[in-house]
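Novice: Can you read through this structure? Questions will come right after.
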Amino acid sequence: LSWSNCCQGRTGRGNQRPQAGVSQSVTGRERTSGKRERFQNMLIRQMESEDVFQAAEIEKKRFSMPWSPEGFKGALAYEDNIILVAEEEGRIAGYACVYVSFDEGELTNIAVEPEYRGRGIGLMLMKELKHRAETKSVSKIVLEVRVSNATAISLYEKCGFKNLGTRKNFYEQPVEDAYIMAWQAEEI
Numbered sequence: 113l114s115w116s117n118c119c120q121g122r123t124g125r126g127n128q129r130p131q132a133g134v135s136q137s138v139t140g141r142e143r144t145s146g147k148r149e150r151f152q153n154m155l156i157r158q159m160e161s162e163d164v165f166q167a168a169e170i171e172k173k174r175f176s177m178p179w180s181p182e183g184f185k186g187a188l189a190y191e192d193n194i195i196l197v198a199e200e201e202g203r204i205a206g207y208a209c210v211y212v213s214f215d216e217g218e219l220t221n222i223a224v225e226p227e228y229r230g231r232g233i234g235l236m237l238m239k240e241l242k243h244r245a246e247t248k249s250v251s252k253i254v255l256e257v258r259v260s261n262a263t264a265i266s267l268y269e270k271c272g273f274k275n276l277g278t279r280k281n282f283y284e285q286p287v288e289d290a291y292i293m294a295w296q297a298e299e300i
């Protein structure tokens with residue numbers, strides 16, 4: 113398997129490949145379009161048990177049926193899962209979770225604090241998720257996304273995910289269809 117260039121150059125790191133098992137840290141700040149400040153003093157690292165409360169708070173802001181702190185703790189109990197946070201100065205700005213089973217993963221959730229959205233944090237999380245998945249010999253990651261969530265769909269497409277089809281009435285509160293999307297690692 114080879115490292116994919118998901119989101120290449122979008123986090124200010126160019127083609128540099130992070131080392132396996134090493135957290136990614138980007139320093140400095142960059143102005144973008146004069147309106148938003150791109151936070152790049154982020155540490156992308158494995159979620160720890162003390163992070164579950166902040167992650168659950170973000171989850172409540174983003175989803176109609178959020179995970180609880182216990183849900184995150186349950187996910188952390190399986191060491192094969194890839195659960196990352198984006199942290200800036202002790203504050204969790206976002207997180208992402210992939211359940212891993214053999215050579216496949218399922219992106220169960222990804223979210224960014226509302227005030228941090230639009231600043232590349234989701235892209236950074238996805239890039240690191242894919243890298244860590246490849247180091248665990250995960251060759252495919254699948255996900256479901258609301259058909260109305262254009263922002264998430266755009267992010268997934270930028271990171272090489274393809275739309276495979278639709279699950280009717282997959283989501284509740286409100287009821288909505290989901291696209292099934294998948295990313296396949298490159299074979300060498």
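Throughout the sequence shown, residue numbering follows our numbering, covering 113 to 300 in sequence. C-beta: ideal position from N, C-alpha, C; glycine also.
If we count the other Cβ atoms within 10 Å of its Cβ and call it buried at 16 or more, is glutamate 269 buried or exposed?
Specialist: exposed
Novice: Going straight from the alpha carbon of glutamate 216 to that of glutamine 296, what length do you get?
Specialist: Between glutamate 216 and glutamine 296, the C-alpha separation is close to 9 Å.
Novice: If you draw a straight line from the alpha carbon of glutamate 149 to that of serine 176, how long is it in whole angstroms?
Specialist: In this predicted model, glutamate 149 has a pLDDT of only 49, less than 50, meaning its place in the structure is not dependable; the value taken from the coordinates is given anyway. Going from the Cα of glutamate 149 to the Cα of serine 176 covers about 28 Å.
Novice: How about glutamate 240 and isoleucine 156: are their beta carbons less than 8 Å apart?
Specialist: yes
Novice: Can you name, in chain order, every residue of its own chain whose Cβ lies under 7 Å from the Cβ of glycine 234, other than the five neighbours on each side?
Specialist: Setting aside the 5 residues that flank it on each side, glycine 234 is surrounded in the same chain by Gly206, Ile222, Val224, Leu267, each with a C-beta closer than 7 Å to its C-beta; the list follows chain order.
Novice: Are the Cβ atoms of methionine 159 and valine 197 separated by less than 8 Å?
Specialist: yes
Novice: Assuming alanine 187 and cysteine 209 form a contact by the criterion Cβ under 8 Å, report the distance between their Cβ atoms to the nearest whole angstrom.
Specialist: About 6 Å separates the two Cβ atoms, so the contact holds.
Novice: Where DSSP assigns a beta bridge to cysteine 209, which residues make up the other side?
Specialist: Ile195, Asn221
Novice: Which of helix, strand or coil does DSSP assign to glutamine 166?
Specialist: helix
Novice: If I follow the unbroken beta strand (DSSP E) through alanine 297, where does it start and stop?
Specialist: Unbroken run through alanine 297: none, as it is neither H nor E.
Novice: Taking 6 Å as the limit between beta carbons, can you name the residues of its chain near asparagine 281, skipping five residues before and five after?
Specialist: Val287
Novice: With isoleucine 292 and glutamate 256 assumed to form a contact (beta carbons below 8 Å), what rounded beta-carbon distance in angstroms separates them?
Specialist: 6 Å
Novice: Hey, out of Ala264, Trp179, Lys252, Gly202, whose CA is closest to glutamate 218's CA?
Specialist: Ranked by Cα distance from glutamate 218, the first of Ala264, Trp179, Lys252, Gly202 is Lys252.
Novice: Answer with buried or exposed for glutamate 298, where buried requires no fewer than 16 other C-beta atoms within 10 angstroms of its C-beta.
Specialist: exposed
Novice: Counting C-beta neighbours from all protein chains within 10 Å, is the total for leucine 237 16 or more, i.e. buried, or is it exposed?
Specialist: buried
Novice: Relative to the C-alpha of arginine 258, which candidate in Val250, Ala189, Gly272, Ala290 has its C-alpha closest?
Specialist: When Val250, Ala189, Gly272, Ala290 are compared, the shortest CA-CA separation from arginine 258 is found for Ala290.
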